[in-house]
Each structure stands twice: as C-alpha cells, then as structure tokens.
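Residue 532, in the UniProt record's numbering, is where the sequence shown stops; the numbers in between run on with no holes.
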Amino acid sequence: MREELRRRRLLQLGGAGIAGLAGCSSNENQLETPSGQERTPTATPPSETPTEETTTSTSDPVDEIDHDKLIGVQYYAWYWGDEGFGGQFLSTDAPDSWLSATPGTPELGAYDSRDVEVVNQHMKWCLEHGINWWIITGGRPDGPIDTTIRDVVFEADYADQMNFTLLVGFPPEIRDDDGRFDFDHPRAEELITRWFTHWADHHVPDPNYLRLGDDRPPLYFWSTSGAKGDMPGVFQAARDAVDVDAYVIGGPDYYNQPRRMSYNAETFDAVLDYHSYFPDEAFLDAFDTAVIENHQRWRAAAHEYNLEFIPTVTPGFDHREAPAEFRDDRLLPALERSPERFRDHCRQLRGLGDHDAIVITSFNEWPEYSAIEPSEEYDMTYLETVAEELARTDWETPSSPALTPIVLEYEQTVEPAEQNPDSDDTRELAVMVDQLRVATADGTLAVDIGGDEGQTFFTEGVYGSESDGERTWRWFGGETAQTRLFVPTTDISELILVARAVTDNITVTVRIGDTQMGTIAIGGAWNTYSTG
1 MREELRRRRL LQLGGAGIAG LAGCSSNENQ LETPSGQERT PTATPPSETP TEETTTSTSD
61 PVDEIDHDKL IGVQYYAWYW GDEGFGGQFL STDAPDSWLS ATPGTPELGA YDSRDVEVVN
121 QHMKWCLEHG INWWIITGGR PDGPIDTTIR DVVFEADYAD QMNFTLLVGF PPEIRDDDGR
181 FDFDHPRAEE LITRWFTHWA DHHVPDPNYL RLGDDRPPLY FWSTSGAKGD MPGVFQAARD
241 AVDVDAYVIG GPDYYNQPRR MSYNAETFDA VLDYHSYFPD EAFLDAFDTA VIENHQRWRA
301 AAHEYNLEFI PTVTPGFDHR EAPAEFRDDR LLPALERSPE RFRDHCRQLR GLGDHDAIVI
361 TSFNEWPEYS AIEPSEEYDM TYLETVAEEL ARTDWETPSS PALTPIVLEY EQTVEPAEQN
421 PDSDDTRELA VMVDQLRVAT ADGTLAVDIG GDEGQTFFTE GVYGSESDGE RTWRWFGGET
481 AQTRLFVPTT DISELILVAR AVTDNITVTV RIGDTQMGTI AIGGAWNTYS TG
C-alpha cells in the first residue's frame, strides 16, 4: 500500500518533479546530552505533554488540498518534552523545558518528538494546508534524532501521504581554525561517504522518501558556503560509494553574491538556501525587498550553470531566548515576524522554483522562532496563508531580464600574505572596483560595486563587499585570475570601471558576451578606466 501511494505521488509530480544554517543551534554532528551520554528514543516517551484533545489519531481523516506543487517545510524531531532537546547541549533545568529557549509557544506545548501522536498531528496540519514535503534535520548516523526519524516519523500513521528528505551538515571534524570546512582534510572523504552510505541504507529505502525526476532521492546539505578544498571530488567519491543516483542539494546563502557557482555546480544538482536571515541591521531593514532580489539573482546564476533552484520563505528569526550554550551570539539581531510579509513573499517567490517547488523555514524550529506550526501567538495564521497562497495550481513563473556575461582576465594576481609577512590575507587579488558602468544604445547602466548592485551578479573571481565610509568596493581576482559577472542589459558597446590595481599596473583583458573588447591597463591609484 505504501509503495502504491508513493508511485501515485511520483506520477502526480511527473518527470519534472522536484526534488542555512539548518537550525543554527543544532550541533548536528555532536548529538549528546549535557552529561555526554546519548539518549535513545523509547517506545513510550517519559513525558507525554500533549493530551488526547490536542493530538490526532489514525481514526481522524485528512482532508488534503488537491494541488500539483511541491510545498516543503524544514521539520525537526529533536524535542524531548520535559527532558529538553534530544541529544543537544542544552540545560534541562528550566521549568518549561525546551519552551524556555523560544519566545513562542506551540499549541501542543512542550511536546515530545518521540510521541507518534505528536507527529501525526503535525502531518495532519501540514497535509490539510497543502504541505506535502518534510525536509528533516538529522543528527549523526544512528544517533537519537536519526533513530527518531526512522522509527517514529517514517512510521507515523500519515507518513504514506507525506514526502521526506534528509538534511545533514558537514562534519565538524573537517572545520579549520577559521571556521571553514576543509575538503582537503584527510578524513573528509571518509566522513562524507559515511553519511551517504547511512542515508542510502536507512533513509532512501523508505517508500515515502521523495524521488525526483528519474527516481533520484535527494540529500540536502545546509550552509555550504563555508566550504573550501576539493568538495567536488569528495562528493563524487561519496556518490560513487552508493548504489543510488543521489540528487544532492547544496545550501548556499542567497544573501551573498553567487560568486562560486562553478564550485557549486561541480558538487550539487540544485541549490536551496536554508533561510533568508542575515545578522546585519541594514539588510534586515531592507529585508522585504532584498530577499526577492537575492532570489532572482541566485535563480539566474543557478540556471547559467545548469543547477536547479529552489526558493525559501522565512517567516522570522529570533534567537535571543536561546540559552548561552545553545546560542550563536552572532545571530542576535532579530527578524521580527510579519504575517503580511510572509504572505507577500509566498506570492512573489512561489513561481521561481524549478519543478514548482518551494520550501518554508520552518515548520517547527522553535529556538530560532522561524516556526509556522500553530501557536498561542498566531494560531493557524501561517498555515492558512500557505493554503491560500501556495496550495494552488495557478503559479506564474516571472520573467527574467536578459543577461550579458562579462569576463575580466588578469595578467597576474597578488596574495598579500606572500608580499607582507605581517599580513594574513591569502586572497588572490588583482583590482579593487568601486563603480562599473556599461554603455548601450539605450544609455548607461551604472552598478555600485559592493553597494546597490541590483540584478548584476558575480559567479567567479570576486570577494566580499568592503567600505571605508565614503565608497564601497569589491576586490576582483580569484584563484583562476578572472572575474565573471552578468549584467541585466544587452548590446553593450563599452565597459567603464572606477578601480585601482593591487600593484602599480595590471593589464585586464575584457570579453563581453562573445566579443573580445581589448585590454585595460589599471594603475595603483583610483581612476576611471574604459574599453572605449
């Protein structure tokens, strides 16, 4: 019966069926109790906080919404009732258990994810409001959260009507002193392959595990922007180690420029930002519009590199209530909730995803307060919005602007640390650019590099935005000694740069589209340079 239902869902999704932190507080590969002892799920949880009146049972029918979209939510099975968080480094002394770590209060109270009736209720709410895809954050292989997913979530009464995908993180063992994940680490291939093997053996066989296109099960790695080294090679080795055709989703940060797209394209099949939050006051002030622009930019970049794209809707983010041992103080500026903004973002983002897919972060990530689960504060507001704005058949794919690629090739790059023993800057730098302008028959398009870059985006050879209070800029260069960017216009006749070189003089070869535009010699002082 379950296999028959899964095949029916695949037919409904068709051959094109699709398919940021993932709970920044998850410590996803270090799943232990505060005492260092791992907890194991029990058939009957020690604390069954939800009552019969607030949970559902298999006798309750589900009135699903009939639609042809793939509407996903990030789902968490790490709540241990009065015991706190399953396998997390969190004190359990607080009288309200894990509720003390969030400003919100779920309708079910301090529930226990090991209680199948809780999972049934969550599934019923989701299905009745059009949500048919759970992306579930896993712990380490065979840890308590992973076991709960397999023994409770996958076996819930309504699991036959849901699609599942596993979310995991990079192993902390390969994190370097700068916080980046180094895929040249001697254990990188071993640890990534371990996850692939465990996933293929214990998650993929479930009849309700999502399949995409040609029967490809997805595995989602969140927050992948901090990777370095041979990530493509490590992932290829892990793919080769399993007998399934993995559809690997990477989790870059859409608030960044898509400046490493070739690196992503060699590793992943699709990109999905875990959430749109970024701890910057200026960004949060402009959040309503910035999120849409970022999605449009990343969608265009992904398609240029033959990657599939999935949008994400973020209801809010507030990490301030989390205990110190559970909180990342870099993430303290809150993104205040707004049901109106949530509705607007659902409308504007719903047509951007490949295969009619969209994901909401989250259903129940309460420590970050991004949850749309029914709550005392908002009741069913967010789920009702999902039903009204997403669970419908009339999504429209917005038009995209015509793009022209521009490639700048440098005769040399300089690593400051090699030139100056007091520097620890290991970037490969060529020129720093403040303004970029392109002349067309219709006028001039001006781009404030590092500032308001609009729909211009970079996919290679560019570093983060910098400012001295008077101007903003980005360093161009990179390991390949070239910068690749796309501008939203056509018929370009001239490129103009306000720039300076890292040394006294660097020659830059300019290609616009398929046309070689000649060279520019950029000096060591700020000046205006042109191909004209």
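Every residue, glycine too, gets a C-beta built ideally from N, C-alpha and C.
Residue burial classification, residue i (beta-carbon count within 10 angstroms, cutoff 16)
i: T147; result: buried
i: T312; result: buried
i: S223; result: buried
i: G482; result: Note on residue identity: the sequence assigns Gln, not Gly, to residue 482. When all chains shown are included, Q482 counts as buried.
i: R330; result: exposed
i: A441; result: exposed
i: R140; result: buried
i: E373; result: buried
i: P172; result: exposed
i: Q516; result: exposed
i: P252; result: buried
i: E396; result: exposed
i: T165; result: buried
i: G518; result: exposed
i: D273; result: buried
i: P401; result: exposed
i: P45; result: Summary for P45: the model assigns pLDDT 40, below 50, so the residue's position carries little reliability; its value from the coordinates is reported in the next sentence. P45 comes out buried.
i: E117; result: buried
i: T426; result: exposed
i: Q121; result: buried
i: L526; result: According to the sequence provided, residue 526 is Trp. The question's Leu does not apply to it. By the neighbour-count rule (16 or more Cβ atoms within 10 Å), W526 is not buried but exposed.
i: S467; result: exposed
i: P144; result: buried
i: E155; result: exposed
i: T456; result: buried
i: R393; result: With the sequence shown as reference, residue 393 is identified as Thr, and Arg is not the correct amino acid for it. So T393 counts as exposed.
i: Q348; result: buried
Nearest-angstrom Cβ-Cβ length linking residue i and residue j, presumed shorter than 8 Å
i: T385; j: R343; result: 5 Å
i: T314; j: T361; result: 6 Å
i: S370; j: F317; result: 6 Å
i: W248; j: F268; result: For the record, residue 248 in the displayed sequence is Val; it is not Trp. About 5 Å; that satisfies the 8 Å criterion.
i: E308; j: D354; result: 4 Å
i: A110; j: G86; result: With a Cβ gap of about 13 Å, A110 and G86 do not count as contacting.
i: P217; j: V234; result: Incorrect: roughly 19 Å between the Cβ atoms, too far for contact.
i: V510; j: F476; result: Actually they are not in contact, since the Cβ atoms of V510 and F476 sit about 12 Å apart, beyond 8 Å.
i: F196; j: V271; result: About 19 Å; that fails the 8 Å criterion.
i: V502; j: V414; result: 5 Å
i: I512; j: I492; result: 5 Å
i: M123; j: Y79; result: That belief does not hold up - the Cβ atoms of M123 and Y79 are roughly 15 Å apart, past 8 Å.
Under 8 Å between C-beta atoms of residue i and residue j
i: I135; j: Y220; result: yes
i: I71; j: I131; result: yes
i: S423; j: A430; result: no
i: D77; j: S113; result: Asp is not the amino acid found at residue 77; the sequence shown has Ala there. Yes, the Cβ-Cβ distance between A77 and S113 is below 8 Å.
i: E281; j: P333; result: yes
i: M261; j: T459; result: yes
i: V487; j: L445; result: yes
i: A301; j: P367; result: no
i: G450; j: R474; result: yes
i: E494; j: A439; result: yes
i: A246; j: F170; result: no
i: H295; j: Y254; result: yes
i: P405; j: R484; result: yes
i: E107; j: E376; result: yes
i: L403; j: R350; result: no
i: E453; j: V462; result: no
i: V119; j: V152; result: yes
i: I174; j: R194; result: no
i: A357; j: I310; result: yes
i: I181; j: D230; result: Note that residue 181 corresponds to Phe in the displayed sequence, not to Ile. No; because the gap between Cβ atoms is not below 8 Å, this pair is not in contact.
Strand pairing of residue i, partner residues [DSSP]
i: N505; result: G523
i: K228; result: D182
i: P218; result: Y247
i: S465; result: R474
i: P106; result: S375
i: Y529; result: L497
i: T483; result: L408
i: W80; result: D112
i: V73; result: W134, I360
i: I192; result: Paired residues: none, contrary to the question.
i: Y209; result: F164
Closer than 7 Å: residue i CB and nearest the ligand GTP heavy atom
i: D215; result: Here there are no bound small molecules, and the ligand GTP is not part of this structure.
Short CB-CB distance (under 8 Å) between residue i and chain C
i: P258; result: Among the chains of the structure shown, chain C does not appear; only one protein chain is present.
Worksheet item: Where in the region 324 to 364 do unbroken runs of the beta strand (DSSP E), each at least 3 residues long, occur, reported from the N-terminal end onward?
Response: 357 to 360
Item to complete: Entirely within the region 363 to 438 and at least 4 residues each: give me those alpha helix (DSSP H) ranges in chain order.
Response: 381 to 389, 416 to 419
Item to complete: Only counting runs of 4 or more residues, tell me where the alpha helix (DSSP H) segments fall wholly within the region 233 to 319, in order along the chain.
Response: 261 to 265, 281 to 285, 287 to 304
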